[in-house]
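Student: Next up is a structure, given as structure tokens.
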Amino acid sequence: RPVDFLPKESELGEQFGVSRITVRKALGELKTEGVIAGIKRRGTQVLPTGTGLVGLIAPNAYQPFYSGILHALESALNGHGMGLIFHSISESPERERKSIEALMKRRIDVIVLVWDKSSDNNLDLIRSIPRQGTRLIIIDSVLPHLPALFIHSDNRDGARQAVDHLVAQGARRIMHLKGTGGGFSAE
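Whatever position you read off the sequence shown (first residue = 1), add 258 for the working numbering.
Okay, structure coming up:
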């Protein structure tokens with residue numbers, strides 16, 4: 259993260275039309291709150307405001323799809339000095355709601371939500387996440403007009419590519435097995 263320094267006290271006083279004493283008091287309050295820090299011979303540094311934490315909410319932890327996301331995300335975050343908080347909601351809309359509320363209370367930097375059929379019940383709360391300043395990444399769904407990043411697979415195109423590959427390899431009798439579940443990757 260880039261380091262930002264504030265102008266000198268005299269410059270801040272001129273800029274805002276206040277005395278140097280008023281500037282010092284304001285800077286003292288910001289130091290107490292942990293927003294800035296004085297560094298000798300360099301000035302007053304603006305401290306990073308993020309928590310360095312990412313929350314992952316998934317329907318469960320036992321299916322390979324979800325545990326794979328958990329492992330990959332944790333590895334990537336550790337490489338950047340960030341931490342991960344994982345919530346398994348056991349496919350419960352109420353647990354998902356409580357998980358979102360708990361992560362928002364902690365002022366987490368990013369929420370990664372693996373979409374589940376229960377997520378539809380919490381759509382209003384999910385839509386409020388970006389409005390409260392938390393970045394949102396949704397896996398396995400796309401919600402128009404929601405300021406979030408979306409990660410989803412194109413199952414039809416993937417199936418077409420797989421069939422094309424098999425035909426190119428000489429396969430002539432190809433069978434497709436489909437589960438009874440809906441449109442979610444782990445079903």
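Note that CB positions come from ideal geometry on N, CA and C, so glycine has one too.
For Q446, which of helix, strand or coil comes out of DSSP?
Tutor: No answer is possible for residue 446: it lies beyond the span of the chain, which begins at 259 and ends at 445.
Student: Nearest to L270 by alpha carbon, out of V281, E332 and M362?
Tutor: Of the candidates V281, E332 and M362, the one whose C-alpha sits nearest the C-alpha of L270 is V281.
Student: Alpha carbon to alpha carbon, how far is L401 from T392? Give it in angstroms, no decimals.
Tutor: Near 17 Å, if we compare the C-alpha coordinates of L401 and T392.
Student: Between H403 and G296, what straight-line distance do the alpha-carbon atoms span, to the nearest angstrom?
Tutor: Those two C-alpha atoms are separated by around 42 Å.
Student: Report yes if the C-beta distance between S376 and E359 is below 7 Å; otherwise report no.
Tutor: It is not a contact, given that the beta carbons lie outside the stated cut-off.
Student: Our contact map puts L342 next to L371 with C-beta atoms below 8 Å; I'd like the distance itself, whole angstroms only.
Tutor: Incorrect: roughly 14 Å between the Cβ atoms, too far for contact.
Student: Roughly how many whole angstroms lie between the Cα atoms of S277 and S350?
Tutor: Whole-angstrom Cα-Cα distance: 57 Å.
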